[in-house]
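Letter by letter, the sequence shown follows residues 315 to 574 in this note's numbering. Report on one structure; see the data block that follows.
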Amino acid sequence: MRHRAEAYFKALQASLCSQFESLDGKAKFKKDAWSHTEGGGGITCILERGAIIEKAGVAFSSVRAALTETMASRLGVQPQPVLAWFGGGTDLTPSYLFEEDVRHYHGRLKNICDRHNPGWYPLFKKECDEYFFIKHRGETRGVGGIFFDYRREDPEQFFLFVQNIGNDFPASYLPIVEQRRHEPWGERERTWQCIRRGRYAEFNLVYDRGTLFGLETGGRTESILMSLPPEAAWVYDHRPDTGSREEALELVLRHPREWA
């Protein structure tokens, strides 16, 4: 299973990089292969300062390291002689709320979930809203998606499920970029975007299991932190204007909705 998963994710990485380059039309990915001290390694691909993409990262890693008691405790698992599970997630984190985009994104996720198990979408959607929650802000990181972890039953079904989600990513996300790439924006929109990016950074650095796992295992720092935005802002006690587009997003982040 490990070798099959490695082959699939490497191929998916190459495909996504190619499609993002075609979408942007200007910038190319920098591809950085690296090795892990205890075994394995990965490929980190970064695109920056493109025509429409400010920064994009597509990373693959397959590393080996001892699962210490401290690490297991922080991850919420029990160390065992042989331990394997499936975990993953995909979520949408916009700066402004376009409800049709969110419905499109969630609708495609629900369709894939339903093909495997009709109970998965509501379960994984709820887990996503709970996982991507910034406790000290009282809001979710974005408008959600699906999230699952520590799934040990029927590995073949979950591997197929993960492949279906990965293969559908271009159809679920790239049309949104095409639809919104010509939206007008100015200083106000840029400031709000940077504030939202600051919240994204807060979650990733304080709560994200992937970030904590990578740092605990002595992972490659540049790869672990590659998802952080190139620019972010923290404006003291910032509150969106009543009735504004900014407030419309914040209301959804504080009170997650059903989209599919």
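Glycine included, each C-beta is placed from N, C-alpha and C at the ideal position.
For a quick check, are the C-beta atoms of residue i and residue j less than 9 Å apart?
i, j, result
"H420", "G459", "yes"
"Y322", "G524", "no"
"F374", "Q493", "no"
"D463", "W399", "yes"
"W348", "G339", "no"
"R422", "S486", "yes"
"C427", "F475", "yes"
"Y435", "F461", "no"
"T358", "E536", "yes"
Can you list, in chain order, the residues of its chain with a C-beta nearer than 6 Å to that of residue i? Leave out the 5 residues immediately preceding and following it.
i, result
"E320", "S376"
"L567", "E453, T454"
"G353", "R378"
"D346", "T358"
"G433", "none"
Measuring alpha carbon to alpha carbon, tell me which residue in the options is nearest residue i.
i, options, result
"L563", "E362, E516, T531, D415", "D415"
"P484", "C427, W399, T404", "T404"
"R513", "L542, F527, Y435", "L542"
"L330", "V372, R466, C442", "V372"
"K344", "R466, N518, E335, R465", "E335"
"G402", "I366, K439, W573", "K439"
"H350", "G532, Y410, I509", "G532"
"M620", "V476, E470, F475, G500", "Given that the chain is displayed from residue 315 to residue 574, the structure contains no residue 620 and the question cannot be resolved."
"D551", "E572, R451, R504, Y521", "R451"
"N478", "A370, K424, D346, L519", "K424"
"W506", "V491, S558, D522", "S558"
"E530", "A365, E383, H317", "E383"
"Y521", "F447, D482, V491", "F447"
Alpha carbon to alpha carbon, how far is residue i from residue j?
i, j, result
"V457", "P570", "7 Å"
"R378", "I538", "15 Å"
"R534", "F527", "11 Å"
"K449", "A574", "25 Å"
"E545", "L406", "19 Å"
"Y410", "A515", "17 Å"
"R495", "P408", "13 Å"
"K369", "M540", "9 Å"
"L326", "I509", "31 Å"
"E503", "A328", "32 Å"
"A365", "E497", "14 Å"
"F517", "R511", "10 Å"
"W575", "T556", "Residue 575 falls outside the range modelled here, since the chain spans only 315 to 574, and no answer is possible."
"E467", "H317", "19 Å"
"V491", "L519", "26 Å"
Within a Cβ cutoff of 8 Å, which residues of the same chain sit near residue i, ignoring the five residues on either side of it in sequence?
i, result
"P489", "H418"
"R465", "W399, F400, G401, F472"
"K324", "I357, F374"
Excluding sequence positions up to five away, which residues of its chain have a Cβ less than 7 Å from the Cβ of residue i?
i, result
"I367", "F334, D338, A341, L361"
"P554", "E560, E561, E564"
"E612", "This structure cannot settle anything about residue 612, because the visible part of the chain is limited to 315 through 574."
"R363", "A341"
"D482", "R422, I426"
Query raised in the report: Taking the runs of the alpha helix (DSSP H) that are 4 residues or longer, which of them lie wholly in the region 528 to 557?
Result: 535 to 538
Query - Residue ranges of each alpha helix (DSSP H) within the region 416 to 471, 4 or longer - result: 434 to 445
**Report entry** Runs of beta strand (DSSP E) lying entirely within the region 320 to 377, each at least 3 residues, in chain order
**Finding:** 344 to 349, 354 to 362, 369 to 377
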